[in-house]
Structures are given as C-alpha cells and as structure tokens.
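**Q** The structure's right below; bear with me while I get my questions together.
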Amino acid sequence: MTKKAVIVFSGGQDSTTCLIHALPLYDEIHCITFDYGQRHRAEIEVAQQLSRELGVTAHKVLDTSMLNDLAISSLTRTNIPIPSVNSSEENVPNTFVPGRNILFLTLASIYAYQVRAETVITGVCETESSGYPDCGDAFVKSLNRSVELGMDYKVRIDTPLMRLNKAETWALAEYHGKFELIQHHTLTCYNGIKGSGCGDCDACNLREKGMTEFLENKSAVMKSLKEKLHLK
122 MTKKAVIVFS GGQDSTTCLI HALPLYDEIH CITFDYGQRH RAEIEVAQQL
172 SRELGVTAHK VLDTSMLNDL AISSLTRTNI PIPSVNSSEE NVPNTFVPGR
222 NILFLTLASI YAYQVRAETV ITGVCETESS GYPDCGDAFV KSLNRSVELG
272 MDYKVRIDTP LMRLNKAETW ALAEYHGKFE LIQHHTLTCY NGIKGSGCGD
322 CDACNLREKG MTEFLENKSA VMKSLKEKLH LK
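Residue numbers for the sequence shown follow my numbering, so the first one is 122 and each next one is one higher.
Shown next, in the form of structure tokens:
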C-alpha cells in the first residue's frame with residue numbers, strides 16, 4: 122500500500138523540517154501552501170522553491186484570501202507594526218492570525234481525502250508557540266476528531282515538533298543532514314527576510330536562540346531529540 126502524506130507547508134523552519142523528516146517515511150508527499158494575503162508573499166515563493174528542490178510529489182498553492190478579510194493581525198495588515206522581541210504584549214501577540222490553523226488543517230484534511238493520504242503533517246509546537254492558542258496538542262487532537270467525523274475518513278494530523286524546543290528542531294535538521302538548507306533557505310522571519318531574518322522579531326529570536334543552544338550543546342540536544350522522537 123502506498124503511504125501518502127499532506128504537509129501544511131509555508132517554507133519556514135518548522136514546516137521545512139517536518140518535510141525533510143517525512144521524506145523517508147512516505148512514498149508520496151503532497152505539500153499545500155496557503156495564499157491568504159499574508160504580509161510577506163515571499164514565503165510562497167520560498168515554499169515553491171524548496172518543494173522543487175526536495176522533490177515532493179506535488180505542491181498545491183491554495184487561495185484562501187478570504188481569511189485576510191476576517192483575520193486582523195500584523196501578518197495580514199501592513200498598517201499594524203510587527204512587534205519587536207523587546208516589546209511588551211499581554212496575552213496573545215498581534216502576529217496571531219485568528220482561525221488560521223483551524224482553516225489550514227481543515228483544508229489540508231480535505232486535500233488528504235482527495236489524494237487518499239492517511240496523514241496530514243503540520244509544524245505546530247506548543248513548547249515555543251509564542252502564545253498562539255491554535256498550536257497546542259489539545260487543539261490539534263480536537264480538530265482531528267472533528268474532521269474525521271465530518272468526512273467519515275480516517276486521517277491522522279501528525280505534529281512531529283509538538284514536544285520539541287527550537288534547539289531540538291535544529292537538531293532534527295542536523296539529523297537529516299539538512300542543517301544548512303534550513304539555516305539559509307527557509308523564511309521564518311515575521312518581517313519577510315529569508316535565512317537569519319531581521320533579528321528583531323519574536324520568530325527570529327526563537328530561531329536564533331534555538332540554534333545557539335543546539336550549537337553549544339550538540340550532543341545533549343541530539344540525545345534529547347532522539348529520545349523524544351524515538352530515533353536511532
């Protein structure tokens with residue numbers, strides 16, 4: 122039986138790490154990228170380039186611009202400034218896009234139904250999620266149950282990074298021999314700068330701190346990663 126997976130793919134560090142982790146595990150990998158009118162459209166181009174380079178089965182870019190009409194966020198509105206890492210924000214930061222993961226994972230599950238994939242993979246992580254409520258394990262499990270009931274189709278929403286910190290995510294890239302690809306060719310920055318990014322936003326701060334921790338404690342971080350993911 123052909124093993125198939127659909128990956129919610131933004132071209133950022135987390136989703137690209139999920140992709141390189143999935144490549145040896147599945148016969149077919151279908152990437153789906155969402156064009157929701159995001160502030161930095163370069164991420165779509167980065168996702169397309171990476172999917173070609175890594176040789177996925179198919180890559181779909183889906184128009185979900187209706188989200189831009191509904192979800193007010195600094196990632197969907199150019200008149201709302203991206204907060205710097207030193208700015209003080211209470212509760213959920215303004216980079217949170219309300220409903221984004223609800224919509225994306227639902228649409229990815231529909232796509233999985235279409236291509237008969239048994240798994241939807243997403244790079245959400247609750248250990249360092251910047252306070253986003255739609256990155257937690259309880260949310261993913263709840264939505265997974267709902268889409269299965271709504272489609273009468275068995276699909277598993279897999280979150281390989283859920284329990285990892287950023288240092289361990291870097292270690293996973295190293296484990297698969299793709300550290301430099303993740304370092305230089307992904308786009309994680311909220312200000313739309315590929316690679317090391319702007320160095321000022323929360324996404325860049327988490328990424329840089331994680332890389333520094335990994336490089337300074339490689340053996341310990343790799344050991345922790347292997348234990349969490351049961352890697353050899």
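In this text, a Cβ means the ideal position worked out from N, Cα and C, and glycines have one as well.
Taking the alpha carbon of V213 as the point to measure from, which residue in P254, C319, I231, Q159 has its own alpha carbon closest?
**A** The count along the sequence shown starts at 1 and reaches residue 213 at position 92. Nearest C-alpha to V213: P254.
**Q** Just to confirm the assignment, what range does the beta strand (DSSP E) spanning F155 have?
**A** Reading the sequence shown from its first residue, position 34 is the one you call residue 155. From DSSP, the beta strand (DSSP E) with F155 extends over 149-156.
**Q** Below 7 Å CB to CB, which residues in the same chain sit around Y147 once its five sequence neighbours on both sides are set aside?
**A** As a working note, residue 147 is residue 26 in the sequence shown. Excluding positions up to five away in sequence, the list reads K124, K125, A126.
**Q** In chain order, what residues of the same chain lie with their CB nearer than 8 Å to the CB of R173, ignoring the 5 residues before and after it?
**A** Position 52 of the sequence shown, counting from 1, holds the residue named residue 173. Hits under 8 Å: H180.
**Q** Is the beta carbon of Y234 sitting closer than 8 Å to the one on M283?
**A** Residue mapping note: residue 234 aligns to position 113 of the sequence shown, counting from 1. Residue mapping note: residue 283 aligns to position 162 of the sequence shown, counting from 1. No, the pair does not count as a contact, with Cβ atoms beyond the cut-off.
**Q** In the DSSP assignment, find the unbroken alpha helix (DSSP H) run with H305 in it and report its ends.
**A** Position 184 of the sequence shown holds residue 305. Where H305 is concerned, the enclosing alpha helix (DSSP H) stretches over 300-306.
**Q** With a threshold of 16 other CB atoms inside 10 Å of the CB of G176, please say whether the residue is buried or exposed.
**A** Counting from one through the sequence shown, the residue named residue 176 turns up at place 55. G176 should be labelled exposed.
**Q** Is S340 helix, strand or coil when you go by DSSP?
**A** Position 219 of the sequence shown, counted from the first residue, corresponds to residue 340. If DSSP states are grouped into helix, strand and coil, S340 belongs with the helices.
**Q** Check whether the stretch 259-270 and the stretch 288-306 are in contact - that is, three or more C-beta pairs closer than 8 Å.
**A** Flag = no, the stretch 259-270 and the stretch 288-306 do not touch.
**Q** Grab me the residues of P202's own chain with a C-beta within less than 7 Å of its C-beta, minus the 5 sequence neighbours each way, in chain order.
**A** Along the sequence shown, read from residue 1 onward, the residue named residue 202 stands at position 81. Excluding positions up to five away in sequence, the list reads S195.
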